[in-house]
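Going by this note's numbering, 278 is the number at position 283 of the sequence shown; the sequence numbering is gapless. Ideal Cβ positions, reconstructed from N, Cα and C, are used throughout, including at glycine. The structure displayed is predicted, hence computed values, not measured ones.
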Amino acid sequence: MIKRLDNVKIPAGKGEDELYKQVKKRAGGRLGYFKIIKKSLDARDKNNIFWLYSVAYSPDKESDGKPPLEKLNNAPAVCVVGSGPAGLCCAVRLCERGYSPVILERGRSVDERAGAVNKFFTERTLDENCNVQFGEGGAGTFSDGKLNTQTKDGYNRDVLEIFARFGAPQEILYLNKPHIGSDKLRLVLKNIRAYIISCGGKFLFGKIFCGFTSDGGALRAVKYRDAASGEEGELAVSAAVLAVGHSARDTFEMLHKNGIYMEPRDFAVGVRIEHLAEKISFAQYGKNYKLLPTADYKLVSHAHERSVFTFCMCPGGVVIPAASERGGVVVNGMSDFARDGKNSNSALMVQLSRADFGAGLFDGMNFQRELEKRAFSYGGGDYRAPCQRLGDFLTGKQSQRFGEVLPTYAAGVNFAPLDEVLSEVAAEALRAAVPDMARRLHGFDDEDALLTGVESRFSSPVRIVRGEDRQSVSLKNLYPCGEGSGYSGGITSSAADGIKTAEFIYNLHKNSLNAH
């Protein structure tokens, strides 16, 4: 019989072989089944840092495999628009349920996409349809593959199991803050694609979703346009899952023009803040930091009327160019699995409301665009990013030199006053928040830390409204899904939303078949 053991303490610097020894002793010297359920770090006392484990074990061999999912025979055609976390996990679950989905993606496959992104990083040549935002894997491909989430969705475990099944490190199944790493995530994406194709599914890369046909208030087909040639095509489908990501601005405009009801959303904007990774680790762990993984942090400040928070923290990572429209600069963060870079960075975000940018449907989207255009201009007009030493930003001075923290932004930076790039309220909120955050994380206000802007793609500025049946309130058979539709934030919650959407489609079709 499988038993569970919680709160097993392993000192920092000790490996999981020590855990295995302790559990084996507990099992009477024989261990036929051993599984780590959870692993977290307790660093509250810097002089006594330890790993805390929960494990399942048994002296005998045991099986914890899940039974296969029930499948539909002759499942109807379904199109998934977008191959980010929501779209791919939706497609995987559809395959498991007997479907052969068609994935429509405006960008290209991950290897081709990596070439386009590298060209942008080094030559500042932007492909508006294949970049950090668009292409196989979505915006998450060029981040950290962070899978921690604040949601308690029952499908979160399914998300972890899908990624682990297709090549992600098995530790994501039990780490308290799981991450895949941008380097490992590319293999996972290729494995997912191979699985979907083996189930009869198809990927149509370089195809832009540009419209649909409907009959009797229900979607009957999706229209697409080739990103290179402009040639148009159409797919007859029983359902279309709309998982387009938060940056598909032309898609939002097209949907609105075609009568799909949407509503504006509040969102956050800000900058990337970079510190030396070693200093962050020392601040978090003290003298034992070299025994532990590169430290992360999560901070919130209410020192200003606008809340400020850190997001998408990349230990040992880099700041990357993330624009998807010409004439705009957008920044994001990325780190590989090892997280061994010299700097650590995170988004430093200011929560805004519609009072800050307007109540119209696309006022928020246009506000984001204006910030990105200003960043482009202050960066020098060639996709370099505006950058400022933190000490200079806090005191209102123009930066003239770098200190011990050097920028990692691949396309280059240009010193610029970020309070002139950001909105006045955002700049004020950041100036109030940083010293406040430094009270909880020593050195966060290091004057040599760097601010690079702008981080404007935190979330979708609109929501494509859906009903309790997960279909658009304007059009049956259209399923808005994931971050771009305003129903999730981050990889895990978006992927979980995709799985739930697939399950709803399956149950709807199953019930329809049973009724006949």
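In this structure, the alpha-carbon of cysteine 476 lies about 7 Å from that of tyrosine 482. Spatial neighbours of aspartate 335 in its own chain (CB-CB distance under 6 Å, excluding positions within 5 residues in sequence) are listed in chain order as Gly311.
Secondary structure at leucine 47: strand, using DSSP grouped into helix, strand and coil. For threonine 120, the three-state secondary structure derived from DSSP is coil. Going by beta carbons, serine 296 and alanine 159 fall outside the 7 Å limit.
Rounded to the nearest whole angstrom, the CA to CA distance from glutamate 269 to alanine 238 is 31 Å. Under the 8 Å Cβ criterion, the stretch 441 to 449 counts as touching the stretch 409 to 423, having at least three qualifying pairs.
The alpha helix (DSSP H) runs of length 4 or more contained entirely in the stretch 18 to 91 are, from start to end of the chain, 80 to 91. About 6 Å separates the beta carbons of methionine 249 and cysteine 205, which is inside the 8 Å limit, making them a contact pair. Assignment of aspartate 441 by DSSP, reduced to helix, strand and coil, places it in the coil class. Counting the other CB atoms within 10 Å of its CB gives threonine 120 a total below 16, which places it among the exposed residues.
Assigned with DSSP and collapsed to three states, alanine 223 falls in coil, not helix or strand. The Cβ atoms of valine 97 and lysine 202 lie no closer than 7 Å to each other. Using a Cβ-Cβ distance cut-off of 8 Å, the stretch 165 to 185 and the stretch 326 to 342 are in contact, since at least three pairs of beta carbons, one from each stretch, lie closer than that value. Residue pairing by DSSP places arginine 434 in no beta bridge whatsoever.
Tyrosine 474 has Val236 as its beta-bridge partners, per DSSP. In the structure shown, threonine 289 adopts coil according to DSSP, grouped into three states.
Where histidine 251 is concerned, the enclosing alpha helix (DSSP H) starts and stops at 244 to 252. Between arginine 108 and glycine 133, the beta carbon gap of about 10 Å keeps them out of contact (Cβ cut-off 8 Å). In terms of Cβ geometry, histidine 299 and alanine 424 form a close pair [threshold 7 Å].
DSSP, reduced to helix, strand and coil, places leucine 417 outside both helices and strands of the structure shown, so it counts as coil. Collapsing the DSSP output to three states places lysine 202 in a strand.
It is roughly 38 Å from the alpha-carbon of lysine 471 to the alpha-carbon of threonine 305. Around the beta carbon of isoleucine -3, fewer than 16 other beta carbons sit within 10 angstroms, so the residue counts as exposed. The count of Cβ pairs closer than 8 Å, one atom from the stretch 74 to 91 and one from the stretch 483 to 497, reaches three, so the stretches are in contact. With fewer than 16 other Cβ atoms from the protein chains shown falling within 10 Å of its own Cβ, aspartate 210 counts as exposed. One thing to note: isoleucine 187 has its Cβ within 7 Å of the Cβ of leucine 83. Taken in chain order, the unbroken stretches of alpha helix (DSSP H) that lie wholly in the stretch 343 to 379 and span 4 residues or more are 349 to 352, 358 to 374.
Non-local beta-carbon contacts of leucine 385 in its own chain, meaning distances under 8 Å to residues more than five positions away in sequence, involve Ile268, Val429, Asp440, Asp441, Glu442, Asp443, Ala444, Leu445, Leu446 in chain order. Linking aspartate 139 to serine 418 through their CA atoms gives a straight-line distance of about 28 Å.
Glutamate 131 sits in coil when the DSSP states are folded into three classes, being neither helix nor strand. CA-CA distance, serine 95 to valine 75, rounds to 11 Å. Contact fails between the stretch 346 to 363 and the stretch 146 to 158, because fewer than three Cβ pairs, one in each stretch, are under 8 Å apart. Between the beta-carbon of serine 467 and that of leucine 473 there is about 4 Å, and that keeps the pair under the 8 Å contact cut. Here DSSP, grouped into helix, strand and coil, assigns asparagine 126 to coil. Phenylalanine 410 has Cys382 as its beta-bridge partners, per DSSP.
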